[in-house]
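Structure record follows, encoded as structure tokens.
Residue numbers (this note's numbering): -19 to 390.
Okay, structure coming up:
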């Protein structure tokens, strides 16, 4: 048994030596580079960059067609070679290509803003799991301390009972029942802490089995480190405001692109024929020609219907923009008030936890000396346990409120 304990202790020390400390700042930074959803959004930005590049090429570089299609007999007789090369150069398309390029630029900007919002969203989710894990760890520590006190009491009562002192068997059984209840509670606490840590690892893009030690956190110190929280003056310049504005811009370009279908397209098509088919033979021509033409697609009012659809979508985007800008401004006002309230609540709850922690130390001594009942002792434990849990909830709410507010004006 002694050899087993030494090995277990060595393994625990080894694991601890390779455990990485992780705090709030490290979590926020890691989300930017490691979160899988953030990386997906970054790739979406690259996709939109290629889309803009492609739209620019379509705008300034005419498509070129190389023709080399012949039946097998002519290929056997004449060999394989280019028969004709031609380029299609649009002169006027109602602005379709230009508006398509500008729309691609706005879509790229939208992807960039959405990428930022993705970072903010997953930072909030990661912070939430961080505080959940801290809370369950603290609950485990409190319950373990309770178990130690209860086991001492059980051993003392059991000794008195066996020595035929005036101790009822029921007193021993009650304490043993409390011990089993707290053991079950700590199994639950340990499982919930592990689940929160593993969820956090997944959000940060780490291996689920990565050894980390979560640093304790003090919300009041965190607020002091931030200094004065900047008040947002113009919600239109926030990331959320910019995304709403970009949605309107994109809808406007959709209308312009749809209207381009009302106009005929004019084009120039220079071409050069190297060979021309005469009967069953290819005859060398080596001749260049230029064609000028136009085409118009008539859809029996369908184009006008498409224009109207895009106009309705634009009106929707404008209504949503005005409403969402007001919503952002309202959220910012509410967040400021919420931060002030949560800061005061956290300070008060911190003092309450410290008082209850000191009270439990005194009750531990009194319980050891049989000056309080098990019921009264466990009541003190439960008060501290609840207060600690409420304190972590307040800290989590405060930090999330600060992060959400800061993200609103970024």
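Here a beta-carbon is modelled for each residue, glycine too, at the ideal position from N, C-alpha and C.
Query: Length of the line joining the Cα atoms of residue 79 and residue 380; Result: 41 angstroms
Query: Cβ-based burial, residue 111 [other Cβ within 10 Å; buried from 16]; Result: buried
Query: Pair within 8 angstroms by beta-carbon distance, residue 348 and residue 132; Result: yes
Query: Residues of its chain near residue 365, where Cβ-Cβ distance is below 7 angstroms and the 5 sequence neighbours each way are ignored; Result: 119 and 122
Query: Backbone CA spacing between residue 195 and residue 229 [nearest angstrom]; Result: 45 angstroms
Query: Delimiting residues of the beta strand (DSSP E) encompassing residue 270; Result: 261 to 275
Query: Cβ-Cβ distance between residue 370 and residue 329 below 8 angstroms; Result: yes
Query: Close beta carbons around residue 100, own chain, < 7 angstroms, minus the five adjacent residues each side; Result: 387
Query: C-beta contact flag for residue 108 and residue 130 at 8 angstroms; Result: no
Query: Proximity to residue 266 [Cα-Cα], best of 273, 257, 272 and 274; Result: 257
Query: Exposed unless 16 or more other CB atoms sit within 10 angstroms - verdict on residue 273; Result: exposed
Query: Those residues which DSSP pairs with residue 255 across a bridge; Result: 264
Query: Delimiting residues of the alpha helix (DSSP H) encompassing residue 4; Result: 4 to 14
Query: Range of the contiguous alpha helix (DSSP H) that encloses residue 148; Result: No alpha helix (DSSP H) contains residue 148, which DSSP labels as neither H nor E.
Query: Cβ distance (whole Å) where residue 22 is taken to contact residue 95 below 8 angstroms; Result: 6 angstroms
Query: Residue 290, buried or exposed, once every other Cβ within 10 Å from all chains shown has been counted against 16; Result: buried
Query: Per DSSP, the bridge partner or partners of residue 45; Result: 66
Query: Segment contact, 8 angstroms Cβ cut-off, at least three pairs: the segment 228 to 246 with the segment 70 to 84; Result: yes
Query: Same chain only: Cβ atoms within 8 angstroms of residue 159, ignoring 5 sequence neighbours per side; Result: 127, 130, 131 and 134
Query: Completely contained alpha helix (DSSP H) runs for the segment 329 to 364, where each covers 4 or more residues; Result: none
Query: Touch test, the segment 31 to 46 against the segment 195 to 204, Cβ-Cβ under 8 angstroms, three pairs minimum; Result: no
Query: At least 3 beta-carbon pairs within less than 8 angstroms: the segment 165 to 184 vs the segment 330 to 343; Result: no
Query: Sequence-distant residues of the same chain with beta carbon closer than 6 angstroms to residue 31, five excluded per side; Result: 84
Query: Straight-line gap, residue 187 to residue 91 (C-alpha atoms, nearest Å); Result: 28 angstroms
Query: Own chain residues within Cβ distance below 7 angstroms of residue 10, not counting five before or after; Result: 184
Query: Residues sharing a beta bridge with residue 289, DSSP; Result: According to DSSP, which records beta bridges pairwise, residue 289 is partnered with nothing at all.
Query: 8 angstroms contact criterion, which residue 89 and residue 226 should meet: CB distance rounded; Result: 6 angstroms
Query: Which listed residue (353, 221, 316 and 367) has its alpha carbon closest to that of residue 378; Result: 316
Query: Simplified DSSP state of residue 247, which is helix, strand or coil; Result: strand
Query: Other residues of its chain near residue 232: CB distance less than 7 angstroms, five sequence neighbours each side excluded; Result: 294
Query: Collapsed DSSP secondary structure at residue 0 in the structure displayed; Result: strand
Query: Span of the beta strand (DSSP E) around residue 208; Result: Per DSSP, residue 208 belongs to no beta strand (DSSP E) and is neither H nor E.
Query: As assigned by DSSP and simplified to three states, the class of residue 366; Result: helix
Query: For residue 67, the nearest candidate out of 318, 277 and 268 (CA to CA); Result: 268
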